[in-house]
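For the sequence shown, this note's numbering assigns the number 31 to the initial residue and increments by one for each residue that follows.
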Amino acid sequence: MTRLALNHAAFTNGVSQLHGEVTKKMFSHLYPSIPLEEIPIHSVTNGVHTESWVAPEMRGLFEKYIDTNWVDNISDPCRWKRVYTIPDQELWETHQILKGRMIKFVQNNIYRRMDRNFQPLELIRECAGYLSKNVLTIGFARRFATYKRAYLLLKDRERLARLVNHPERPVQIIYAGKAHPADLPGQELIKMVNDISLEERFRGKIVFVEDYDINVSRHLLQGVDVWLNTPRRPHEASGTSGQKAAVNGVINCSILDGWWPEAYNGENGFAVGAERDYENEEVQDREDANSLFDLLEQVIVPYYYRRVEGMPREWVRRMKDCLATIPWKFSTERMVKEYTRRFYLQAALRGKAFSADQCRLAGQIQEFKKLLTENWHHVSFRSVQVHQPPVLKEDAEIFVQAEVSLGPIQPQDIVVEVVYGKVSDHGLDKITLMPMRLVQALENNVYQYETNIVLIRGTSGYALRVRPNDTNFVHQFELPLVKWAENL
Numbered sequence: 031m032t033r034l035a036l037n038h039a040a041f042t043n044g045v046s047q048l049h050g051e052v053t054k055k056m057f058s059h060l061y062p063s064i065p066l067e068e069i070p071i072h073s074v075t076n077g078v079h080t081e082s083w084v085a086p087e088m089r090g091l092f093e094k095y096i097d098t099n100w101v102d103n104i105s106d107p108c109r110w111k112r113v114y115t116i117p118d119q120e121l122w123e124t125h126q127i128l129k130g131r132m133i134k135f136v137q138n139n140i141y142r143r144m145d146r147n148f149q150p151l152e153l154i155r156e157c158a159g160y161l162s163k164n165v166l167t168i169g170f171a172r173r174f175a176t177y178k179r180a181y182l183l184l185k186d187r188e189r190l191a192r193l194v195n196h197p198e199r200p201v202q203i204i205y206a207g208k209a210h211p212a213d214l215p216g217q218e219l220i221k222m223v224n225d226i227s228l229e230e231r232f233r234g235k236i237v238f239v240e241d242y243d244i245n246v247s248r249h250l251l252q253g254v255d256v257w258l259n260t261p262r263r264p265h266e267a268s269g270t271s272g273q274k275a276a277v278n279g280v281i282n283c284s285i286l287d288g289w290w291p292e293a294y295n296g297e298n299g300f301a302v303g304a305e306r307d308y309e310n311e312e313v314q315d316r317e318d319a320n321s322l323f324d325l326l327e328q329v330i331v332p333y334y335y336r337r338v339e340g341m342p343r344e345w346v347r348r349m350k351d352c353l354a355t356i357p358w359k360f361s362t363e364r365m366v367k368e369y370t371r372r373f374y375l376q377a378a379l380r381g382k383a384f385s386a387d388q389c390r391l392a393g394q395i396q397e398f399k400k401l402l403t404e405n406w407h408h409v410s411f412r413s414v415q416v417h418q419p420p421v422l423k424e425d426a427e428i429f430v431q432a433e434v435s436l437g438p439i440q441p442q443d444i445v446v447e448v449v450y451g452k453v454s455d456h457g458l459d460k461i462t463l464m465p466m467r468l469v470q471a472l473e474n475n476v477y478q479y480e481t482n483i484v485l486i487r488g489t490s491g492y493a494l495r496v497r498p499n500d501t502n503f504v505h506q507f508e509l510p511l512v513k514w515a516e517n518l
């Protein structure tokens, strides 16, 4: 089905920049003669409907300090810079109100579950003391798919126990979510989290919230201090829960996967691990878990508990950095505008043109594609000559000349070009295209082309190719036929 869709769609995109790159690699076998960076798969990063997720109290701050009509200009970055005018005390007190409401909600959830399950009365009474508004609170709430690795913090129980039971700087963690009814490993993860939350050393410090729904999600997204995201890179297509948290000034702590590499700037959240992929999942889990614990112990926890005149001013500054840089960029308003500008309008105009005059243009394009497909085997390079200076330096000019046999295909139906760029392990990177000029027609449907290219700094390489060309193509590889010159 994916191949069918790729073959028939005018536009194809991933839902984050990283997802677009991963998708190109996944389906590169469908474009065997096309360099990876030229594969016609783009990206439009997902966004969230801001008004659906912002807390009423935060909305009040936005109306007061950003703009009374901020909802009509959600994707305007200039307006969001006004969050820096919000007094630290006011922003922090607002966050604490939301945190207190969230904690009360979680306590009630746990109470109802204990009461329903006929837990001992002393445990039911104890749950009223679970969680504190004055303790750094981490939230992890989402679908419990195994690649999201809810278990990452639970891999080192001793280190986790020290973290949540620190006498001066404790941490509390709230988990919530559901697994698909057929996802048994995901269900086992939920059981593991719940079992750990019942251990004496973790009771009341690590909790699991049942009956996950949009209401649970809103309370957690609006009230925790840190939103934790630990997917196995690069398996997260985008993810949006962190975007919803950021709208409320909740700081993200995430693996650099999905949308987060585009958002993280070093000041508006925290990054776990490096932007790299692993061949061994056990090694990846171990290194990411160690990175997360180090980040919590050495950076996040001290950062949160550092007070100036009773106020965590550095933490509030990071909340403002989060609000100033994330909501405007990761909103559905921006997303829909981008889809419209890049794809929808072009597709609509193309559809209108193709359906006009009893689909005359569509028929012409179909015949053109048929002609090229049936005769592409005639296309070949008869000769290639390269004239270059004896010593190659940056900005050196190279003259390239080629004779190309086209068979029944006409010169206006193709482009002959030089593809050049930096040499890498998998070919050429950061490529530049230089069309070659048609100089003359020779005999037997052979044509002479030439051009000049200027070398770039570093180890450079180049290649020659022929590809179809038509102004009605939506992109240059709508008909993915390419003929490369050999033995250059």
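Built from N, CA and C at the ideal position, the CB exists for glycine as well.
Who does M464 pair with in a DSSP beta bridge? Along the sequence shown, read from residue 1 onward, the residue named residue 464 stands at position 434. BP columns for M464 point to V448.
Which of the three DSSP states is assigned to S73 in this structure? Position 43 of the sequence shown, counting from 1, holds the residue named residue 73. Here S73 sits in strand by DSSP.
Using a Cβ-Cβ cut-off of 6 angstroms (strictly less than) and excluding sequence neighbours within five positions of A40, which residues of its own chain qualify? Here residue 40 is taken as the residue at index 10 of the sequence shown, counted from 1. Excluding sequence neighbours, A40 sits near A377 and V504.
Return yes when the Cβ of V101 is within less than 7 angstroms of the Cβ of E87, no when it is not. Against the sequence shown, residue 87 aligns to sequence position 57. Against the sequence shown, residue 101 aligns to sequence position 71. No, they are not a contact pair.
Beta-carbon proximity check, N405 vs P438, cutoff 7 angstroms: Numbered from 1 along the sequence shown, position 375 holds the residue referred to as residue 405. Numbered from 1 along the sequence shown, position 408 holds the residue referred to as residue 438. Closer than 7 angstroms, so yes.
Quick check on the burial criterion: 16 or more other C-beta atoms within 10 angstroms. Buried or exposed for I104? Residue 104 sits at position 74 when you count from the first residue of the sequence shown. I104 is classed as buried because its beta carbon has at least 16 other beta carbons within 10 Å across all chains shown.
If you reduce the DSSP assignment to three classes, tell me which class A493 lands in. Indexing the sequence shown from 1 puts residue 493 at position 463. Three-state DSSP puts A493 in a strand.
Beta-carbon separation of V302 and V409 under 7 angstroms? Sequence index remark: in the sequence shown, residue 302 carries index 272 (1-based). Sequence index remark: in the sequence shown, residue 409 carries index 379 (1-based). Taking 7 angstroms as the Cβ cut-off, V302 and V409 do not qualify as a contacting pair.
Residues bridged to Q431 [DSSP beta-bridge criterion]: To locate residue 431, count along the sequence shown from 1; it is residue 401. Under DSSP, Q431 shares a beta bridge with Q415 and E480.
Between V78, A171, Y294 and G340, which has its C-alpha nearest Q119's C-alpha? Residue 119 sits at position 89 when you count from the first residue of the sequence shown. Nearest option by C-alpha distance: G340.
Once the 5 residues before and after V416 are set aside, which same chain residues still bring their CB inside 7 angstroms of it? Numbered from its first residue, the sequence shown carries residue 416 at position 386. Hits under 7 angstroms: I428 and V430.
Cβ atoms of Q202 and V165: under 7 angstroms apart, would you say? To locate residue 165, count along the sequence shown from 1; it is residue 135. To locate residue 202, count along the sequence shown from 1; it is residue 172. In contact: V165 and Q202 (Cβ atoms closer than 7 angstroms).
Let's see if you can read the secondary structure: which residues bound the alpha helix (DSSP H) around C352? Position 322 of the sequence shown, counted from the start, is the residue given in the question as residue 352. Looking at the DSSP string, the run of the alpha helix (DSSP H) that includes C352 is R343 to T355.
Answer with yes or no whether the minimum CB distance from I220 to chain D is below 7 angstroms. Looking for chain D here will not work: only one protein chain is present.
In the DSSP assignment, find the unbroken beta strand (DSSP E) run with K208 in it and report its ends. For the purposes of this step, residue 208 is identified with residue 178 of the sequence shown, where counting begins at 1. That run of the beta strand (DSSP E) goes V201 to K208.
Proximity below 7 angstroms, CB of N475 to CB of L436: Numbered from 1 along the sequence shown, position 445 holds the residue referred to as residue 475. Numbered from 1 along the sequence shown, position 406 holds the residue referred to as residue 436. Result yes, Cβ atoms of N475 and L436 sit closer than 7 angstroms.
What does the Cβ neighbour count give for S385, buried or exposed, with the cut at 16 atoms within 10 Å? As a working note, residue 385 is residue 355 in the sequence shown. Looking at its Cβ environment, which holds fewer than 16 other Cβ atoms inside 10 Å, S385 is exposed.
Considering only C-alpha positions, which residue in the set L184, P357, V136 and Y141 is nearest to D243? As a working mapping, residue 243 is identified with position 213 in the sequence shown. Cα-wise, what sits closest to D243 is V136.
Just reading off the beta strand (DSSP E) that L166 is part of, what are its end residues? Taking the first residue of the sequence shown as position 1, residue 166 is located at position 136. Taken as a continuous stretch (DSSP letters only), the beta strand (DSSP E) holding L166 covers L166 to R173.
Buried versus exposed, by CB contacts within 10 Å (16 or more), F174: Numbered from its first residue, the sequence shown carries residue 174 at position 144. Classification of F174: buried, given that the 10 Å Cβ count is 16 or more.
Determine the DSSP secondary structure at I96, reduced to helix, strand or coil. As a position in the sequence shown, residue 96 is number 66, starting the count at 1. Three-state DSSP puts I96 in coil, outside helix and strand.
What did DSSP end up calling P438 once you bin it into helix, strand or coil? The residue you call residue 438 lines up with position 408 of the sequence shown. Coil, per DSSP.
Please report the Cβ distance between G279 and L326, rounded to the nearest whole angstrom; I am assuming they are in contact, meaning their Cβ atoms lie under 8 angstroms. Within the sequence shown, the letter at position 249 stands for residue 279. Within the sequence shown, the letter at position 296 stands for residue 326. Under the criterion of beta carbons closer than 8 angstroms, G279 and L326 do not qualify as touching, at roughly 20 angstroms.
Please report the residue range of the beta strand (DSSP E) in which L250 lies. Residue numbering aside, residue 250 sits at position 220 when the sequence shown is read from its first letter. It is not in any beta strand (DSSP E) - L250 instead sits in the alpha helix (DSSP H) that spans I244 to G253.
Inter-residue spacing [alpha-carbon to alpha-carbon] between R380 and I281: By one-based count along the sequence shown, residue 380 stands at place 350. By one-based count along the sequence shown, residue 281 stands at place 251. In a straight line, the C-alpha of R380 is about 43 angstroms away from that of I281.
Assigned exposure category for Q273 - 16 Cβ within 10 Å defines buried: Numbered from 1 along the sequence shown, position 243 holds the residue referred to as residue 273. Looking at its Cβ environment, which holds 16 or more other Cβ atoms inside 10 Å, Q273 is buried.
Where does W290 sit, in a helix, a strand or coil, going by DSSP? Reading the sequence shown from its first residue, position 260 is the one you call residue 290. In the structure shown, W290 adopts helical secondary structure according to DSSP, grouped into three states.
Helix, strand or coil: how does DSSP classify S105 here? Numbered from its first residue, the sequence shown carries residue 105 at position 75. Coil, per DSSP.
Nearest-angstrom beta carbon gap, V246 and A206 [assumed within contact, 8 angstroms]: For this step, residue 206 is matched to residue 176 along the sequence shown. For this step, residue 246 is matched to residue 216 along the sequence shown. Contact between A206 and V246 holds: CB atoms are separated by about 5 angstroms, below the 8 angstroms threshold.
Between the CA atoms of E480 and I285 - distance to the nearest angstrom: Taking the first residue of the sequence shown as 1, we reach residue 285 at position 255. Taking the first residue of the sequence shown as 1, we reach residue 480 at position 450. Each residue's Cα considered, the two are about 49 angstroms apart.
Can you tell me whether F238 is helix, strand or coil according to DSSP? Numbered from its first residue, the sequence shown carries residue 238 at position 208. Reduced to three states, the DSSP call for F238 is strand.
DSSP three-state call for K423: helix, strand or coil? For the purposes of this step, residue 423 is identified with residue 393 of the sequence shown, where counting begins at 1. Note: K423 maps to coil in three-state DSSP.
What is the residue span of the beta strand (DSSP E) that N259 lies within? Numbered from its first residue, the sequence shown carries residue 259 at position 229. Residues V256 to N259.
Under the rule that 16 or more other beta-carbon atoms within 10 Å means buried, what is G90, buried or exposed? Walking along the sequence shown from the start, residue 90 turns up at place 60. G90 should be labelled exposed.
Using the beta-carbon count (16 or more within 10 Å), is F360 buried or exposed? On the sequence shown, position 330 is the one that residue 360 refers to. With 16 or more other Cβ atoms inside 10 Å of its own Cβ, F360 counts as buried.
Note the first and the last residue of the continuous beta strand (DSSP E) segment covering F300. For the purposes of this step, residue 300 is identified with residue 270 of the sequence shown, where counting begins at 1. Looking at the DSSP string, the run of the beta strand (DSSP E) that includes F300 is G299 to V302.
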